[in-house]
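Undergrad: The structure under discussion is supplied below as structure tokens; questions concerning it will follow.
Protein chains in written order, with the UniProt record's numbering: chain A, 1 to 207; chain B, 1 to 207.
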């Protein structure tokens, strides 16, 4: 099946995303309730199952019977506004118009947790495109902890400059990076060793 | 909410339509069954309600309790392959890749019946763009019976030529047109009267 173009140029663009966005907003025929950070969200089992393999396993598998609109599903370790944007993406395939870097980080973790693949790609691209010395430590820790190789490589490339490295060391996220991901710092040091000192890389990695 | 472009150019296009198409195919969490022309179709109440105001009224209104996966909803006066394409459009916003004129006519009637607005527009445009002397009588009857003014006008314009008119009179659909919509034939005759005979239009319309 494909879209008709040309001769049917008078036909307006797809409204599937708008209709599903309305469905989320109006809660028509909602058969699930979530409790997230003290807030309640209604949703539809079949939409979440269609959009996330993790929700599909949860909602159509063993947990099936225990999930209903009457017995809320509690989501821990996620802020309500992040879950709200995750839900919105699942229904409409779109992200908040002013997706800032911090929100992209939160959404990346959420999308990874529920395997919402395209949202993960959007957020990872957003973070890769907006690496600066303030955010790089946080992004690097995120990439290392959750396994986002493209983001990790982009951070390492950014830090391959003494001035960026120095600024990163003064940033808020540095302490978190050193405590949560000490091995990635070793990896960084090993990368910036002069070529003739490649023999020392092994030493660094064992420190 | 809007789509991100440019910096996230690596992100693949929307997959909402594909995911919902898979949902329809796999029948995951389906909570409705339809019986159409001897065939059975599974579907999801919330998707149909989101996509069709007529289904919304039926499935979330008074009929709500009587519709379930276990008690099939019977759809009369529609062929199974037409209902299948209608369902597919509701989930994916796309029509069969080789939508022929006959199928566009069937789908136009189906989309009108369930108020699937964009499908109606696509089918009406398809019919308007493919008027020929074989199909014009059928399309005109359809336009007149279901109230599609753009299609009716396109047919009338096509028939504003003696050779097209003559060919239409020899076509299979002509008899159906004369029996089902005699008034539109009068309208045609009135249109082709010479300008100086405009006084006779009234006579024709009263014949």
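Yeah, the Cβ is synthetic: ideal placement off N, Cα and C, and Gly gets one too.
Since residue 48 of chain B is in the alpha helix (DSSP H), which residue starts that stretch and which ends it?
TA: 45-51
Undergrad: Only counting the same chain, and skipping five residues up and downstream in sequence, which positions put a Cβ closer than 7 Å to that of residue 27 of chain B?
TA: 42
Undergrad: What is the DSSP secondary structure of residue 74 of chain A, reduced to helix, strand or coil?
TA: strand
Undergrad: Between which residues of its own chain and residue 188 of chain A is the CB-CB distance below 7 Å, once the five residues before and five after are set aside?
TA: 156, 159
Undergrad: Using a cut-off of 7 Å between C-beta atoms, extract the partners of residue 131 of chain B located in chain A.
TA: What residue 131 of chain B touches in chain A: nothing, since even the nearest Cβ is about 12 Å away.
Undergrad: Would residue 181 of chain B count as contacting chain A if we go by Cβ distances under 8 Å?
TA: no
Undergrad: Have a look at A:48, A:72, A:14, A:33 and flag the residue whose alpha-carbon is nearest the alpha-carbon of residue 19 of chain B.
TA: A:48
Undergrad: For residue 189 of chain B, does the three-state DSSP call read helix, strand or coil?
TA: helix
Undergrad: Let me see if you follow: with CB-CB separation under 8 Å, is residue 208 of chain B close to chain A or not?
TA: What the structure shows of chain B is the stretch from 1 to 207, and residue 208 of chain B is not part of that stretch, so it cannot be assessed.
Undergrad: Between the Cα of residue 182 of chain A and those of A:196, A:115, A:149, A:207, spot the shortest distance and give me the residue it belongs to.
TA: A:207
Undergrad: I need the straight-line Cα distance from residue 104 of chain B to residue 205 of chain B, nearest angstrom please.
TA: 31 Å
Undergrad: Could you give the distance in angstroms between the alpha-carbon of residue 71 of chain A and the alpha-carbon of residue 40 of chain A?
TA: C-alpha separation (whole angstroms): 11 Å.
Undergrad: Between residue 49 of chain B and chain A, is any beta-carbon pair separated by less than 8 Å?
TA: At least one chain A Cβ lies under 8 Å of residue 49 of chain B.
Undergrad: Which residue comes first and which comes last in the alpha helix (DSSP H) that contains residue 89 of chain A?
TA: Counting along the chain, the alpha helix (DSSP H) containing residue 89 of chain A begins and ends at 80-92.
Undergrad: Give me the subset of the region 21-46 of chain A whose CB atoms are less than 7 Å from a CB atom of chain B, sorted by chain position.
TA: 22, 23, 28, 29, 44, 45, 46
Undergrad: Tell me where the beta strand (DSSP E) around residue 36 of chain B begins and ends.
TA: First-last of the beta strand (DSSP E) with residue 36 of chain B: 32-36.
Undergrad: Suppose only complete runs of 3+ residues qualify. What are the beta strand (DSSP E) ranges in the region 90-120 of chain A, listed by chain order?
TA: none
Undergrad: For the region 187-201 of chain A and the region 52-61 of chain B, state whether three or more C-beta atom pairs, one from each stretch, are separated by less than 8 Å.
TA: no
Undergrad: Are the C-beta of residue 100 of chain A and some C-beta of chain B separated by less than 8 Å?
TA: no
Undergrad: For residue 144 of chain A, which residues of its own chain have a beta-carbon under 7 Å away from its beta-carbon, when the five flanking residues on both sides are left out?
TA: Around residue 144 of chain A: 152, 181, 184.
Undergrad: Could you name the residues of the same chain whose beta carbon sits closer than 6 Å to that of residue 135 of chain A, not counting the 5 residues immediately before and after it, in chain order?
TA: 101
Undergrad: What does DSSP give as the partner residues of residue 40 of chain B in its beta bridges?
TA: B:35
Undergrad: According to DSSP, is residue 195 of chain A part of a helix, a strand, or is it coil?
TA: Helix at residue 195 of chain A.
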